[in-house]
Amino acid sequence: MTKSIGIVAMLLIVVSSALPQSLTTESFAKAKAVLDRSVAAYGGMEELNAIGNVSLRITGESVHRNQSRRPGDMDRTPYTAEIVIDLKNSRARQVQKGQYPGGFNWNNGFVVDSGNRTGFDLIRKTSNPPGAITPAIFKANTRWLPQLVLLNVLERAQSLRYVGKADYERRPHEVVDYVTNDGARLTLYIDQQTGLLSKFETLVTDSFSGDSLFETRFTGQRKVGKYIVPARRVNALNGDITNDFGLADVAFNLELAPERFKLPEGLRAVTFPTPTPVTKHADKIYTTSAGGYNVLFVDFNDYIFVMETPGNERVSLQAIEQIKKTIPNKPIKYVAVTHHHDDHAGGIRTYMAEGATLIIAPSEEAFFKKVSAVRFSADPDTLTRKPREPKFEPLQNGKRVLTDGTTTVEIYDIGKGPHAEQMLVAYFPDQKWIFQGDLLNRPANGDAPIANDTSVHFLNWIDSKKLAVEATIPVHGPLTTIADFRKAVEEMKVKAN
Ligand SMILES: [Zn+2]
């Protein structure tokens, strides 16, 4: 395999010099010369091709872009991971630990072996069903070090092109790009003096910021043994840092026992039911499963009310299709979101294009106005193709009631919580249900919910409001009775003591 990479690279050099002159061949030849300099800086082709496996530890911080307590903030929490990548045998293992604001701790990981990826959860002690992973996706997940990026470029050398010169971090760089196995175009900044890879970047479409630049920066590169290794690997979106990782204990070509790629002991294998496209909870009250989330919709006499717009336009289009199939010939007049996080509101622009009025928390109006105005020129969404002025009706005095005399929904702002500063819920007084997002999540297989600080805050709010509640319908997971909710909070308190 590594030999063949070398041979392909050599053939390309021979072939390129034999090709007739054109801007394409010129650009390729220039880019190849830059790549060769970088390969030499990392010890030469033979050294790179001899890398069979890499192990490393990450200690750093996750930065919660679009997952912070206030829109636009960048809350940080600790993140640690242990990673082993066996390039020779296409195997990998990653175990990571971190959290989202509000007590959402996670400790999970995955193993990749024999073309399958199996995820596991070390808090719940469960493993998910294995899923096929293509070699292209496997490679996309191995770009932890400059050497691994360069190995990928060498394999894809035919797609190399010269972009130009640029100053980055006040140092002159030569910039080349190539197309990865999975079709992404990555632009590489190679330090003109040292030949080291300072960063790579690519254009992406972000559900909140539209046309965006995603960067991976390698900083503090120094010699560890015979290898040059960066001290940090930092991700940034449009210049805002999204992951700030220190790289420790980087080791190449360790003896790896096959056990390294087995699942941890004592896990319970779980399976997830195929989601039902539409669930009718009561007359006029439904949820649709879109992109793995539950989206609430209510059939009023003259219009439809939707709550939650998770993910992105693709998820919204899927939800809207199901909603209109269930309730034909009525407009979606109102849409509400529980909070501004992208897994709850990332698809909001599709509903703006639909002409729906947005019922939101007052503190989130400025943020969503900004979202309505960003550019989506690379991958135009519906709002870009059919522009429409968004309409907002922020909650007043923390409450809004929608009713047609038969069906009633009360939308509440539950106030400052550990997960977000303003959170909306939808309460059905006749059915005694509450639709909520992130206040008590539950796995799709129906395993018991695990409460956290955010759930405790919500339960205290229900009790202080003296609301009669029999069950909550979560955005993440199946319906949960209030008895199971209280049990989860009790168990959390027992564990804490
Ligand atoms: Zn959230």
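In terms of the working numbering, the sequence shown is residues 5 to 501. Glycine included, every Cβ here is placed at the ideal spot set by N, Cα and C.
Distance from the CA of residue 85 to the CA of residue 71, rounded to the nearest whole angstrom, comes to 20 Å.
Pairwise C-beta distances place the region 448-458 out of contact with the region 390-397, as fewer than three of them are shorter than 8 Å. Beta bridge pairing from DSSP links residue 196 with no other residue.
Ranked by how close their Cα comes to the Cα of residue 350, the residues 76, 176, 317 have 317 in first place. According to the DSSP assignment, residue 458 belongs to the alpha helix (DSSP H) that extends over 457-469.
Taking 8 Å as the upper bound for CB-CB distance, residue 378 and residue 214 are in contact here, some 4 Å apart. When the beta-carbon positions are compared, residue 211 and residue 175 stay at least 9 Å from each other.
Within the chosen limit of 8 Å, ligand 1 reaches the beta carbon of residue 104 through at least one heavy atom.
At a threshold of 8 Å, residue 440 does not count as near ligand 1, since its beta carbon sits no closer than that to any of the ligand's heavy atoms. Counted as a single uninterrupted DSSP element, the alpha helix (DSSP H) harbouring residue 374 occupies residues 369-377. Judged by their CB atoms, residue 423 and residue 298 are not nearer to each other than the 9 Å cut-off. Secondary structure note for residue 355: it is in no beta strand (DSSP E), and the uninterrupted alpha helix (DSSP H) holding it is 352-358. A Cβ-Cβ distance of about 7 Å is found for the pair residue 55 and residue 155, placing them in contact under the 8 Å criterion. Inclusion of residue 165 and residue 31 in the CB contact set at 9 Å is warranted, their separation being smaller than that value. In terms of Cβ geometry, residue 468 and residue 443 do not form a close pair [threshold 9 Å]. For residue 294, the CB stays at least 8 Å from every heavy atom of ligand 1. Counting along the chain, the unbroken beta strand (DSSP E) around residue 202 starts and ends at 201-210. Non-local beta-carbon contacts of residue 417 in its own chain, meaning distances under 6 Å to residues more than five positions away in sequence, involve 365, 399, 402, 426, 428 in chain order.
Going by DSSP, residue 489 is part of the alpha helix (DSSP H) stretching over 486-500. Residue 386 and residue 209 have their C-alpha atoms roughly 14 Å apart. 314 is the residue among 303, 306, 304, 314 whose C-alpha sits nearest the C-alpha of residue 293. Three or more Cβ pairs closer than 8 Å define a contact, and the region 317-330 meets that threshold against the region 346-361. Counting only residues of its own chain and dropping the five nearest sequence neighbours on each side, residue 296 has no CB closer than 7 Å to any other CB. Between the alpha carbons of residue 233 and residue 395 lies a distance of about 51 Å. Pairing residue 271 with residue 124 gives a Cβ-Cβ distance under 9 Å.
The straight-line gap separating the alpha-carbon atoms of residue 265 and residue 188 is approximately 28 Å. Taking C-beta separations shorter than 7 Å and ignoring five residues to either side along the sequence, the partners of residue 107 in its chain run 422, 456, 457, 458, following chain order. Under DSSP, residue 169 shares a beta bridge with 178. Residue range 108-117 is occupied by the beta strand (DSSP E) that includes residue 109. Residue side-chain check: residue 417 keeps its Cβ at 8 Å or more from all non-hydrogen atoms of ligand 1. In this structure, the CA atom of residue 223 is about 12 Å from the CA atom of residue 193. Residue 246 carries a strand assignment under DSSP once its states are collapsed to helix, strand and coil. Within a 10 Å sphere around the beta-carbon of residue 27 sit fewer than 16 other beta-carbons, which makes this residue exposed. Put simply, the backbone Cα of residue 98 is about 11 Å away from that of residue 122. Look at residue 348 here: in three-state DSSP terms it is helix. DSSP lists 65 as the beta-bridge partner residues of residue 82.
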